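Visitor: One structure, as structure tokens, below. Some questions next.
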Amino acid sequence: MGLKNTFCLVLLFVALITKEALAAQLLVGGSQGWETTTDLDSWASGQTFKVGDQLVFKYSSGLHSVVELANEDAYKNCDLGTSLDSKNTGNDVLKLNKPGTRYFACGTLGHCSEGMKVKIKVVAGNASSSPASSSSSPPSSSSSSPSSTTSTSAASTSCSFAAIFVLLASSFLATIVLSMY
9 MGLKNTFCLV
19 LLFVALITKE
29 ALAAQLLVGG
39 SQGWETTTDL
49 DSWASGQTFK
59 VGDQLVFKYS
69 SGLHSVVELA
79 NEDAYKNCDL
89 GTSLDSKNTG
99 NDVLKLNKPG
109 TRYFACGTLG
119 HCSEGMKVKI
129 KVVAGNASSS
139 PASSSSSPPS
149 SSSSSPSSTT
159 STSAASTSCS
169 FAAIFVLLAS
179 SFLATIVLSM
189 Y
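Each residue of the sequence shown is one higher than the one before, starting from 9 at the first, in the numbering used here.
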């Protein structure tokens with residue numbers, strides 16, 4: 009009975025590790041980060057955001073902030089009065105916990121209306137974190153697009169290697185545990 013419990017715990021542990029290994033950290037705005045000069049709409053349209061992924065907002069603390077807005081009307085009108093949450097550390101990480109659309113804007117006066125806002129459409133966790141195909145959106149002339157694609161592809165590749173490693177390790181552990189019977 010003890011070996012069966014151990015085996016079940018190992019499988020549960022491996023499942024949890026695999027889930028975390030497949031999640032991606034996405035730098036909002038690519039290499040330019042969360043800045044007024046970044047074309048955030050183009051960056052977001054080239055990404056697939058899935059449940060479990062993390063958004064990383066990097067910016068100059070004191071110059072910018074991150075405000076999560078309640079709905080699309082607040083997003084379109086830059087209504088910061090409806091904020092759900094606000095961050096201002098300059099290196100804020102937000103986990104995407106469920107499917108749906110989330111709206112973010114800079115809380116500094118005038119920055120949202122200058123375009124420093126982004127709409128994130130989160131899909132179920134089994135979708136790919138790789139960039140969307142170029143046929144789904146026109147290519148951008150912004151310099152942030154190629155670097156954001158590269159960083160996202162690197163994150164996906166790292167996650168793939170991590171997932172393969174976890175699967176191989178779990179197979180090895182299962183073989184050892186089963187051979188003990």
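A virtual CB, placed ideally from N, CA and C, is assigned to each residue, including glycine.
Because the structure is a prediction, the values reported are computed rather than measured.
1) Quick one: what does DSSP say Leu117 is sitting in, helix, strand or coil?
2) Taking Ser73 as the reference, which of Lys129, Val36 and Asn105 has the closest Cα?
3) Since Thr44 contacts Glu122 with CB under 8 Å, what's their CB separation in whole angstroms?
4) According to the neighbour-count rule (16 or more other Cβ atoms, all chains shown, within 10 Å of its Cβ), is Ala52 buried or exposed?
5) Assign Ala113 to one of two classes, buried (16 or more other C-beta atoms within 10 Å of its C-beta) or exposed (fewer than that).
6) Please confirm whether Leu92 and Val59 have their CB atoms less than 7 Å apart.
7) Report yes if the C-beta distance between Lys66 and Gly41 is below 7 Å; otherwise report no.
8) Any idea if Gly54 is buried or exposed, counting beta-carbon neighbours within 10 angstroms, 16 or more meaning buried?
9) Please classify Leu71: is it buried, with 16 or more other beta-carbons within 10 angstroms of its beta-carbon, or exposed?
10) Would you mind reading off the limits of the alpha helix (DSSP H) that contains Asp81?
11) Which same chain residues, not among the five before or five after Tyr111, have their C-beta less than 6 Å away from its C-beta?
12) How is Asp61 classed by DSSP in three states: helix, strand or coil?
13) Considering only their Cβ atoms, is the gap separating Pro107 from Val130 smaller than 7 Å?
14) Would you identify the three-state DSSP class for Gln55, choosing helix, strand or coil?
15) Going by the beta-carbon positions, is the gap between Ser69 and Thr97 smaller than 7 Å?
16) For Thr116, I'd like the list of residues in its chain whose CB is within less than 6 Å of its CB, leaving aside the five on either flank, ordered along the chain.
17) Assign Asp81 to buried or exposed, taking buried as 16 or more other Cβ atoms, counted over all protein chains shown, within 10 Å of its Cβ.
Guide: Reading off the structure:
1) Your numbering for residue 117 matches position 109 in the sequence shown. DSSP places Leu117 in coil when its eight states are reduced to three.
2) Start at 1 with the first residue of the sequence shown, and residue 73 comes out as number 65. The option with the nearest alpha carbon to Ser73 is Val36.
3) Numbered from its first residue, the sequence shown carries residue 44 at position 36. Numbered from its first residue, the sequence shown carries residue 122 at position 114. Yes, Thr44 and Glu122 are in contact; Cβ-Cβ is about 6 Å, under 8 Å.
4) Along the sequence shown, read from residue 1 onward, the residue named residue 52 stands at position 44. Flag for Ala52 reads buried.
5) Counting from 1 along the sequence shown, the entry for residue 113 is found at position 105. Buried, since its Cβ has 16 or more Cβ neighbours within 10 Å.
6) By 1-based counting over the sequence shown, the position of residue 92 is 84. By 1-based counting over the sequence shown, the position of residue 59 is 51. Contact flag unset, no.
7) Sequence index remark: in the sequence shown, residue 66 carries index 58 (1-based). Sequence index remark: in the sequence shown, residue 41 carries index 33 (1-based). Yes.
8) As a first step, residue 54 must be located in the sequence shown, where it is residue number 46. Buried is the call here.
9) On the sequence shown, position 63 is the one that residue 71 refers to. Exposed is the call here.
10) Within the sequence shown, residue 81 is the residue found at index 73, counting from 1. Note, Asp81: alpha helix (DSSP H), Glu80 to Asn85.
11) Position 103 of the sequence shown, counting from 1, holds the residue named residue 111. Here the set comprises Leu77, Tyr83 and Lys127.
12) Working through the sequence shown from its first residue, we reach residue 61 at position 53. Correct three-state label for Asp61: coil.
13) Start at 1 with the first residue of the sequence shown, and residue 130 comes out as number 122. Start at 1 with the first residue of the sequence shown, and residue 107 comes out as number 99. Yes. Within cutoff.
14) Along the sequence shown, read from residue 1 onward, the residue named residue 55 stands at position 47. The answer is coil: DSSP assigns Gln55 none of H, G, I, E or B.
15) Counted from its first residue, the sequence shown places residue 69 at position 61. Counted from its first residue, the sequence shown places residue 97 at position 89. Yes, the Cβ-Cβ distance between Ser69 and Thr97 is below 7 Å.
16) Position 108 of the sequence shown, counted from the start, is the residue given in the question as residue 116. Contacts found: His72.
17) One-based indexing of the sequence shown puts residue 81 at position 73. Exposed is the call here.
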